[in-house]
Every structure is written in C-alpha cells, then in structure tokens.
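K.L.:
Please read through the structure below; I'll follow up with questions.
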Amino acid sequence: MTTNNYLPSIDGIWVHLEDGENPVDIYVSNFFWRQAVFVKNNKISQRTALSKHRFQFGGASYEVKFKYTTMTEGECQLYKNGELIDADNFALCTQETASDFKKLIVFHAIFAMGLGVLALSLMKGLSNFMISL
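Numbering (this note's numbering), first residue to last: 321 to 453.
Rendered as structure tokens:
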C-alpha cells in the first residue's frame, strides 16, 4: 500500500498507486468527476466516472475502483487483469478545505437545477412552436 503524498484541494485529488516498478497516479477532479490515469508520468486514460475506470497498459487490463466509506472519503483500488495489486485511502477534502468543498457541492446543485429549468423551458418553447405550425 502506498501513501497519498498530495493533499486534497478544492479542484481535485491525486491518488498514488504502484504496479511493481510502475507508478500509477490517478487524478480525480471535483468538477464533474473527471479522472485521468498516468503511468510513469504519461497520461494513459481520461474519462468521467464515479466509481470505475478501465484502461489498458503494456498488454494488461487495469481497473481503478473507488469505494466510498463516507461522502468524502474512501479507498482507491488498482486491479490488474482482475487481481487487486494496490490500494490507498483518499479524502476529497480536509478540515481546512471542507467549507470550500461544501460550497462546491452547493454550486453543482444550483448549476444542475439551472440546467433542468433551462431544459424544461426549451422543451415548452419548442412544443408551443410546433403546435403553432
């Protein structure tokens, strides 16, 4: 098991794992859960995912799994060809960044509601326009 050397910040976290001699670094953005996987400092994969992230490297199949124990903490696990090879605990925020993280959650909630209202307004406007034709 490796140790998470980078502190969480408002924009995201780094989790450091290892596959033998290969360092595997996973960046998880707090903005829309974008994840990027780096092996030996080269970006191998990037996608938006909440819990699983699959990628290929060196002829092997890998999967990164995030298992949450609370809303902001959990364990990141690295699987190679279906076998667990490394794991580390992570926290999306610290006590120092907790208030900023809560503001970020509120921002995302308001943003999502705004998109929903906009979508409903557009649908209503489109249906009125189609009826008037």
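Using N, Cα and C, we set each Cβ at its ideal position, and we do this for glycine too. All values derive from a computational prediction rather than experimental measurement.
Helix or strand or just coil, what does DSSP make of N409?
P.N.:
Residue 409 sits at position 89 when you count from the first residue of the sequence shown. Here N409 sits in strand by DSSP.
K.L.:
Report buried or exposed for I451, applying the criterion of at least 16 other Cβ atoms within 10 angstroms of its Cβ.
P.N.:
Taking the first residue of the sequence shown as position 1, residue 451 is located at position 131. Counting Cβ neighbours within 10 Å, I451 comes out exposed, since fewer than 16 surround it.
K.L.:
Report the rounded CA-to-CA distance for I346 versus F358, giving the unit in angstroms.
P.N.:
The residue labelled residue 346 in the question sits at position 26 within the sequence shown. The residue labelled residue 358 in the question sits at position 38 within the sequence shown. Their Cα atoms are separated by approximately 6 Å.
K.L.:
Out of curiosity, what's the CA-to-CA distance linking A281 and L442?
P.N.:
Absent from the model: residue 281. The displayed extent of the chain is 321 to 453, so no value can be given.
K.L.:
Decide if Y382 is buried, meaning its Cβ has at least 16 other Cβ atoms within 10 Å, or exposed.
P.N.:
As a first step, residue 382 is located in the sequence shown; it is residue number 62 there, counting from the start. By the 10 Å Cβ count, Y382 comes out buried.
K.L.:
Work out the CA separation of L446 and K385 for me, nearest whole Å.
P.N.:
Looking up residue 385 in the sequence shown gives position 65. Looking up residue 446 in the sequence shown gives position 126. Taking the straight line joining both Cα atoms gives about 41 Å.
K.L.:
Could you pull out every residue in the same chain whose Cβ sits closer than 8 Å to the Cβ of W353, ignoring the five residues on either side in sequence?
P.N.:
Along the sequence shown, read from residue 1 onward, the residue named residue 353 stands at position 33. Once the five neighbours on either side are set aside, the close Cβ partners of W353 are T368, A369, L370.
K.L.:
Checking 9 Å against the spacing of the C-beta atoms, do G379 and N342 come in under that value?
P.N.:
Walking along the sequence shown from the start, residue 379 turns up at place 59. Walking along the sequence shown from the start, residue 342 turns up at place 22. Result no, Cβ atoms of G379 and N342 do not sit closer than 9 Å.
K.L.:
Using alpha carbons as the reference points, say which of N448, I364, A407 lies closest to L337.
P.N.:
Counting from 1 along the sequence shown, the entry for residue 337 is found at position 17. Comparing Cα-Cα distances from L337 to each of N448, I364, A407, the minimum goes to A407.
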